Amino acid sequence: MNAQLSGVLAAARAENRAALIGYLPAGFPTIPGAAQAVQALIDGGVDVVELGLPHSDPVLDGPTIQTADDIALRNGVRTRDVLETVRQVTAANPAVPVLVMTYWNPVDRYGAARFAADLAAAGGAGCILPDLPVEEAGPWLAAAEELGLATVFVVAPSSRDQRLATITASGTGFVYAAAVMGVTGSRNQVGEMAEDLVRRTRATTDLPVCVGLGVSTAAQAAEVAAFADGVIVGSAFVQRILDAASPEAGYAAVRELAAELAVGVRKR
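Yeah, the sequence shown ends on 454 if you go by my numbering, and it's all consecutive.
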């Protein structure tokens, strides 16, 4: 359990709105520029930050985030750079929870206990681990719990009710509900299965249920906010930076989109 993350999500609920959770990968558009990009998210109104750990085989991520990951890896980003970005962001924004979203292999290679300790020392709030089976998460969960880090697992529309119960019993912080089957990326419509997945997940846990995959506009954010505790946006922010003529223009575009989405999550 992470008190900071739980407090921010509870505060959003007390305001009768969904939380806005923004994702960007570390090392993108440059290693030092990643903290500036995340700052733009926060300045625009994001409540919680997901910082991606770039991976050469990001099985959950679509072409947009894969492109950003490739840029970050070509920039030479390393796990220590991800943790340094967490430190910079949390030092400048102590009230904003920052989670690292990563596949399990980089954490396992770094050392689970070492990664948890370094993430906690950097001020991080926890990890989102989409490919770590709960049955194999024991060592990580023990390290995370000892250090007060949240562990967020991902559920999908294909998850059966019993599997949802197993996953949510092991997670802390919130549950990441994937709105659609497939990979990340902006879509014209939010998946119709998302609301049903939130309903089925809530039947198994008191944790907040936050929905990601596909949201890119204020209208879509409002649509998801009507039934979820949080709205997660990633690819749309990444695309704004990819489309920009300069990093500074990209940061401005990210800040502008975050502000639009922050209005959307308040339209319940």
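C-beta: ideal position from N, C-alpha, C; glycine also. As the structure is a prediction and not an experimental result, all values here were calculated from the model.
- For the 8 Å CB-CB criterion, residue 354 and residue 391 form a contact.
- Straight-line measurement puts the Cα of residue 402 at about 12 Å from the Cα of residue 448.
- Note on geometry: alpha-carbon atoms of residue 307 and residue 404 lie some 35 Å from one another.
- In the DSSP assignment, residue 450 falls outside any beta strand (DSSP E) and lies within the alpha helix (DSSP H) extending over 433-450.
- Residues of the same chain with a CB within less than 6 Å of the CB of residue 330, apart from the 5 flanking positions on each side, are 302, 337 in chain order.
- Each residue's CA atom was taken as its position, placing residue 453 and residue 407 some 9 Å apart.
- A residue is called buried when at least 16 other Cβ atoms come within 10 angstroms of its Cβ; residue 304 meets this threshold and is buried.
- Apart from the 5 residues on each side of it in sequence, residue 263 sits with its Cβ closer than 7 Å to the Cβ of 212, 213, 217, 240 in its chain, given in chain order.
- The beta carbon of residue 273 sits closer than 7 Å to the beta carbons of 308, 309 from its chain, once the five residues preceding and following it are set aside; these are given in chain order.
- Setting aside the 5 residues that flank it on each side, residue 268 is surrounded in the same chain by 212, 239, each with a C-beta closer than 6 Å to its C-beta; the list follows chain order.
- Annotation: the continuous beta strand (DSSP E) that includes residue 211 extends over 205-211.
- DSSP places residue 335 in no beta strand (DSSP E); its state is neither H nor E.
- Here residue 188 is buried, its C-beta having at least 16 other C-beta atoms within 10 Å.
- As a beta-bridge residue in DSSP terms, residue 395 pairs with 361.
- Distance from residue 440 to residue 220 at the Cβ level is roughly 12 Å; contact not present, criterion being Cβ atoms closer than 8 Å.
- By the criterion of a C-beta distance shorter than 7 Å, residue 195 is surrounded in its chain by 205, 360, 394, 415, 416, once the five residues flanking it on both sides are discounted.
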